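A short write-up of the structure that comes next.
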Amino acid sequence: MLVQAVRRAKVEDLYGHLEAGQLLQLETLSNTLERIANIPEKELYAFITTSNQPSYSQALKLTFNDYDVYVPDSPSIGPIFLTNLQQLQNFNFTKTDTSRTEYVYRVAEVTQNVYNDFNVSSNFHQGTSTNIAVMDLDDNYVSFTTGLYSLFGSGEITTFGYTLNIHNKNTSCTHLPLIITDANAICGRRLVLGANDMALATQLIMALLVAKNNVTATIEAPRFHILSNGSIGTEGFHTPLFDEDVLKYLETLTTRPVLAPEPYMSSNIVEKIKDDLNSHSDSRGGGIASRF
Numbered sequence: 001m002l003v004q005a006v007r008r009a010k011v012e013d014l015y016g017h018l019e020a021g022q023l024l025q026l027e028t029l030s031n032t033l034e035r036i037a038n039i040p041e042k043e044l045y046a047f048i049t050t051s052n053q054p055s056y057s058q059a060l061k062l063t064f065n066d067y068d069v070y071v072p073d074s075p076s077i078g079p080i081f082l083t084n085l086q087q088l089q090n091f092n093f094t095k096t097d098t099s100r101t102e103y104v105y106r107v108a109e110v111t112q113n114v115y116n117d118f119n120v121s122s123n124f125h126q127g128t129s130t131n132i133a134v135m136d137l138d139d140n141y142v143s144f145t146t147g148l149y150s151l152f153g154s155g156e157i158t159t160f161g162y163t164l165n166i167h168n169k170n171t172s173c174t175h176l177p178l179i180i181t182d183a184n185a186i187c188g189r190r191l192v193l194g195a196n197d198m199a200l201a202t203q204l205i206m207a208l209l210v211a212k213n214n215v216t217a218t219i220e221a222p223r224f225h226i227l228s229n230g231s232i233g234t235e236g237f238h239t240p241l242f243d244e245d246v247l248k249y250l251e252t253l254t255t256r257p258v259l260a261p262e263p264y265m266s267s268n269i270v271e272k273i274k275d276d277l278n279s280h281s282d283s284r285g286g287g288i289a290s291r292f
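Following the UniProt record's numbering, the numbering of the sequence shown begins with 1 at its first residue and continues without gaps.
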């Protein structure tokens, strides 16, 4: 939806088309980022109001397929997500299994059951999300996932050019930042990403750590969604699509097969193996991966 809107508005005519590998020399932006980066931490936090001061908590960790998966603790959906991964781990899926038709069905079935067992649709609010994933030269990792409680928030743009959020539910969001490191090698594969909900996060982890897909194939792969009524939805307007055999399996998990509503939430990822860096921005959100 967003990508289509950008095309229809002919935004590229104003700002130009970006190509993979293109070098952008933006001196003002670079200087601004450098100035912000050099502000001492205490001084930087002085600009943040008391009500918006960050809170700190110990991350939860699960070792899954020889990788340590880190997620935030309660009240986030992190603990439930790790429960879902543990149940999938009991199947001992192999890379070969991921190419079989019933594999997606099994992942969807387990995830749907966990959603129902923990009453996720009632206890958490999905909303919209955007994700920023960052690594620096010193191997500091940041995964930041945020969004509005509903599409377009208040629906009104302020004089400053942004839309206000509306907190119409007193529940935690399903947003899930993730950091993954090799459990056996310090300079092994490290991954930073984020997801709008547990179903998306599960599919990404399974693709990365079980199917062993590269980051681009993982992010652009077809996805199923657990809808608010507990049924399974699929994406009809993003390619590639699930093949017909997979769709027939998924149809057995829901009373009526449906297409998940647009816009599809995007997920961005940064991967580092030794000193080699890879990154990908989800085409669902029309983003561009970049390095500074």
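Glycine included, every Cβ here is placed at the ideal spot set by N, Cα and C. Predicted model, so just to flag it, every value in this text is computed and none were measured.
Would you give the residue range spanned by the alpha helix (DSSP H) that G78 belongs to?
For this step, residue 78 is matched to residue 78 along the sequence shown. Segment G78 to Q89, the alpha helix (DSSP H) holding G78.
The ligand ATP heavy atoms versus the CB of L204: any closer than 7 Å?
With respect to the ligand ATP, the structure offers nothing, as it holds no ligand at all.
Reference G285; option with closest CA among L277, E34, I273 and E262
Position 285 of the sequence shown holds residue 285. Restricting attention to L277, E34, I273 and E262, the CA atom closest to the CA of G285 is found in E262.
Using the Cα positions of N214 and L208, report the straight-line distance between them to the nearest angstrom.
Counting from one through the sequence shown, the residue named residue 214 turns up at place 214. Counting from one through the sequence shown, the residue named residue 208 turns up at place 208. Roughly 7 Å separates the two Cα atoms.
Would you say the stretch 27–38 touches the stretch 150–165, given that touching needs at least three Cβ pairs under 8 Å?
Because the criterion of three Cβ pairs below 8 Å is not met, the stretch 27–38 and the stretch 150–165 do not touch.
Supposed contact pair I48 and T174 - C-beta distance, whole angstroms, cut 8 Å
As a working note, residue 174 is residue 174 in the sequence shown. As a working note, residue 48 is residue 48 in the sequence shown. So it is not a contact: roughly 25 Å between Cβ atoms.
With a Cβ-Cβ cutoff of 8 Å, do residue 311 and L62 count as a contact?
What the structure shows of the chain is the stretch from 1 to 292, and residue 311 is not part of that stretch, so it cannot be assessed.
Measuring CB atoms only, is the stretch 186–200 touching the stretch 261–278, in the sense that at least three cross pairs come out at less than 8 Å?
Counting Cβ pairs under 8 Å, three or more are found: they touch.
Where L193 sits in the DSSP three-state scheme
On the sequence shown, residue 193 is found 193 positions in, with the first residue counted as 1. The three-state reading of DSSP puts L193 in strand, counting E and B together.
Whose C-alpha, out of P222, R256 and L151, is nearest the C-alpha of P240?
As a position in the sequence shown, residue 240 is number 240, starting the count at 1. P240 has its Cα closest to that of P222, out of P222, R256 and L151.
Does the stretch 102–110 come within contact of the stretch 246–259, defined as at least 3 CB pairs closer than 8 Å?
By the C-beta criterion, the stretch 102–110 is judged to be in contact with the stretch 246–259, since at least 3 inter-stretch pairs fall below 8 Å.
Runs of alpha helix (DSSP H) wholly within the stretch 191–225 (minimum 4 residues, chain order)
Segments of the alpha helix (DSSP H) lying fully in the stretch 191–225: 198–209 and 215–220.
Here's the rule I'm using: 16 or more other beta-carbon atoms within 10 Å means buried, otherwise exposed. How should D25 be labelled?
Here residue 25 refers to the residue found at position 25 when the sequence shown is read from its first residue. Checking the displayed sequence, the identity of residue 25 turns out to be Gln instead of Asp. Counting every other CB atom within 10 Å of its CB across the protein chains shown gives Q25 a total below 16, marking it as exposed.
Close beta carbons around I205, own chain, < 8 Å, minus the five adjacent residues each side:
On the sequence shown, position 205 is the one that residue 205 refers to. Taken in chain order, the residues that qualify are F64, V69, L85, L178 and I180.
Below 8 Å, how does it come out for the stretch 116–124 and the stretch 88–105: are there three or more Cβ pairs, yes or no?
The stretch 116–124 makes no contact with the stretch 88–105; the number of CB pairs closer than 8 Å stays below 3.
Between L18 and F152, what straight-line distance do the alpha-carbon atoms span, to the nearest angstrom?
By 1-based counting over the sequence shown, the position of residue 18 is 18. By 1-based counting over the sequence shown, the position of residue 152 is 152. C-alpha separation (whole angstroms): 26 Å.
Could you tell me how far apart the beta carbons of A201 and L164 are, in whole angstroms, since I believe they sit closer than 8 Å?
On the sequence shown, residue 201 is found 201 positions in, with the first residue counted as 1. On the sequence shown, residue 164 is found 164 positions in, with the first residue counted as 1. Beta-carbon to beta-carbon, A201 and L164 are separated by about 28 Å, too far to satisfy the 8 Å threshold.
With S57 as the anchor, note down where its beta strand (DSSP E) starts and where it stops.
Within the sequence shown, residue 57 is the residue found at index 57, counting from 1. Judged by DSSP secondary structure, S57 falls outside any beta strand (DSSP E); it is assigned neither H nor E.
Quick check: the Cα distance between A46 and V104, rounded to an integer number of angstroms?
Locating residue 46 in the sequence shown gives position 46, where the first residue counts as 1. Locating residue 104 in the sequence shown gives position 104, where the first residue counts as 1. Cα-Cα distance, rounded: 48 Å.
How big is the Cα-Cα spacing for G188 and L137?
Looking up residue 188 in the sequence shown gives position 188. Looking up residue 137 in the sequence shown gives position 137. So the two alpha carbons sit approximately 15 Å from each other.
In chain order, which continuous runs of the beta strand (DSSP E) of length 3 or greater are located wholly inside the stretch 217–292?
Those beta strand (DSSP E) runs which fall completely within the stretch 217–292 and span 3+ residues are 224–226, 232–234, 268–273 and 276–281.
Simplified DSSP state of Q116, which is helix, strand or coil
Taking the sequence shown and counting its residues from 1, one reaches residue 116 at position 116. One detail in the question is off: residue 116 reads as Asn in this sequence, not Gln. Correct three-state label for N116: helix.
Which two residues bound the contiguous beta strand (DSSP E) that contains I180?
Locating residue 180 in the sequence shown gives position 180, counting from the first residue. Note, I180: beta strand (DSSP E), L176 to D182.
Endpoints, the alpha helix (DSSP H) within which S30 is located
Here residue 30 refers to the residue found at position 30 of the sequence shown. If you look at S30, you'll find it in the alpha helix (DSSP H) that goes E27 to A37.
My output table needs one value for S143: the three-state DSSP class, helix, strand or coil.
Here residue 143 refers to the residue found at position 143 when the sequence shown is read from its first residue. In the structure shown, S143 sits in a strand (DSSP, three-state: E or B).
Look at I232 and F242 and say whether their C-beta atoms are less than 8 Å apart.
Here residue 232 is taken as the residue at index 232 of the sequence shown, counted from 1. Here residue 242 is taken as the residue at index 242 of the sequence shown, counted from 1. Taking 8 Å as the Cβ cut-off, I232 and F242 do not qualify as a contacting pair.
Distance between N119 and I80 (C-alpha atoms, nearest Å):
As a position in the sequence shown, residue 80 is number 80, starting the count at 1. As a position in the sequence shown, residue 119 is number 119, starting the count at 1. One Cα belongs to I80, the other to N119, and the distance between them is close to 10 Å.
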